[in-house]
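Note that the working numbering gives residue 88 to position 74 of the sequence shown, counting from 1, and the numbers run on in steps of one.
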Amino acid sequence: MLLEIDNLRTVFATPAGEARAVDGVSLTLATRETLGLVGESGCGKTMLALSILRLVPPPGRIAGGRIGLAGRDLLALPESAMRAVRGGEVGMVFQEPMTALNPVVPVGAQIAEAAELHGAGRSEARSRALEMLRLVEIPEAERRAAAYPHQLSGGMRQRVMIAIALAARPQLLIADEPTTALDVTIQAQILDLLAALQRQLGMAVLLVTHDLGVVAERADRVAIMYAGRVVESGPARDVLTTPLHPYTRGLLASIPRVGATRQQRLTAIPGVVPDLLHLPSGCRFRDRCSEAIAECAQVDPPLRTFAGDRQAACIRVGDER
């Protein structure tokens, strides 16, 4: 197994107490596999991704757990060793390229810098930058390498971000909402590109997204996060066709349907993700759940394993082991 996360906890200190942004999450990801990480905004998806690279912004901190990468515990490594892991073994494509790219440095130089940081000489790094621009299918690579981020389209900027993330040939790529700011046609192109690069380079991909359609088409397995925890996981096709957890069913019901009339209202999950400083007793989803019973206020359900490599955290799911 390439990535093994066990009971990971990431918290943020506030005057009112600690907010548990990632609260006991356990996940695995195999080489060449794609895992979709899904949930509403505020559920902890991005914080989990940042925790893997130990990039949690202050006042946040990783409070416990283990993050294993190819047999090593990343939480036990010194910061000097983590700098080699970031970009070298684990690449990350951030959600918004215009905030991640340096606006005053040509994009070719930014890709070359990523290669240099992981051992390439200056001449090799410049050649690598052009190679990566061609690999991510940016036309006229030599001319585009001299361009600044604002001179490129949104789709090209995202391709540059992918080129930077892959410049050192990492084993794992974390893609955090890589298509959110793009139109539908460009989204499909970027996702096709990621899939092609994954096959070519033999990477594992952690795809962080709120788009269940993307997960259905691109992921091998899926993990559903809610209020800092994984509430359901399993093979993508199984989870999306026969969801076990009420939250997963609510997410699926909220997707617009082809052929629906203008008079048909979209289904919505009532309420919002709870304040992580003031979590409800028992099940964290119970205040929004149409299937909740009195016991849900008393029992904080653990993530249990069921037949067919399925996991769910709900007391109302029958044990089928």
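Cβ atoms here follow ideal geometry from the backbone N, Cα and C, with glycine treated the same way. Because the structure is a prediction, the values reported are computed rather than measured.
Check, Outcome
"Beta-carbon within less than 7 Å of T194's beta-carbon, same chain only, minus the 5 sequence neighbours each way: which residues are those?", "Q109"
"Does the beta-carbon of G153 have 16 or more other beta-carbons within 10 angstroms, so that it is buried, or is it exposed?", "The sequence shown places Pro at residue 153, rather than the Gly named in the question. By the neighbour-count rule (16 or more Cβ atoms within 10 Å), P153 is not buried but exposed."
"If distances are taken between C-alpha atoms only, which option among L131, S65, M146, A126 comes closest to S137?", "A126"
"Among L291, H292, E305, S295, whose alpha-carbon lies nearest the alpha-carbon of P284?", "E305"
"Skipping 5 residues on each side, what residues in its chain have a beta carbon closer than 6 Å to that of A230?", "L254"
"Does the distance from the CB of V219 to the CB of L226 come in under 8 Å?", "no"
"Considering only DSSP beta bridges, list what Q325 is partnered with.", "S247, T319"
"Between A84 and Q185, which are expected to be in contact by the criterion C-beta below 8 Å, what is the C-beta distance as a whole number of angstroms?", "7 Å"
"For the pair the segment 46-65 and the segment 309-327, tell me if three or more CB-CB distances fall below 8 Å.", "no"
"At the level of alpha carbons, what is the spacing between R330 and R324?", "15 Å"
"Of all the options L290, G296, D314, which has the alpha carbon lying nearest to the alpha carbon of A30?", "L290"
"In chain order, what residues of the same chain lie with their CB nearer than 6 Å to the CB of G122, ignoring the 5 residues before and after it?", "A143, A159"
"Only counting the same chain, and skipping five residues up and downstream in sequence, which positions put a Cβ closer than 8 Å to that of I204?", "G169, Q172, R173, I176, P192, T193, L196"
"In chain order, which beta strand (DSSP E) runs of at least 3 residues are fully inside the segment 137-219?", "186-190"
"Compute the distance between the beta-carbons of I66 and T24, then report whether it is under 8 Å.", "no"
"Over the uninterrupted beta strand (DSSP E) stretch that includes G31, give me the two end residues.", "31-43"
"In the DSSP assignment, what are the bridge partners of V236?", "G50, G248"
"If you reduce the DSSP assignment to three classes, tell me which class V70 lands in.", "coil"
"May I ask which residues mark the beginning and end of the beta strand (DSSP E) holding V99?", "Note, V99: premise wrong, no beta strand (DSSP E); alpha helix (DSSP H) at 93-99."
"From R318 to A326, what distance separates their C-alpha atoms?", "6 Å"
"When the Cα of L16 is compared with those of L180, L187, P294, which residue comes out closest?", "L187"
"How should H292 be labelled, buried or exposed, when 16 other C-beta atoms within 10 angstroms of its C-beta is the threshold for buried?", "exposed"
"Identify the residues that DSSP records as bridge partners of A27: which are they?", "E32"
"Nearest to V70 by alpha carbon, out of Q214, A27, M112?", "A27"
"How long is the line joining the alpha carbons of G101 and G332, rounded to whole angstroms?", "43 Å"
"What would DSSP say about E305, mapped onto helix, strand or coil?", "coil"
"Taking all protein chains shown into account, do 16 or more other C-beta atoms lie within 10 angstroms of the C-beta of V245, making it buried, or fewer, making it exposed?", "buried"
"If you count every other CB in all the chains shown that lies within 10 Å of the CB of H164, and 16 or more means buried, which is it?", "exposed"
"How close, in whole Å, do the beta carbons of F320 and Y261 come, if the pair is a contact with beta carbons under 8 Å?", "Going by Cβ atoms, the distance from F320 to Y261 rounds to 16 Å, so no, they are not a contact pair."
"Starting from V119 and walking both ways along the beta strand (DSSP E), at which residues does that stretch end?", "Careful: V119 lies outside any beta strand (DSSP E) and carries neither H nor E."
"Tell me, please, which residues DSSP counts as bridged to I81.", "I19"
"Any idea if T223 is buried or exposed, counting beta-carbon neighbours within 10 angstroms, 16 or more meaning buried?", "buried"
"For L131, which option in A182, S141, C297 has the closest C-alpha, if you only look at C-alpha atoms?", "A182"
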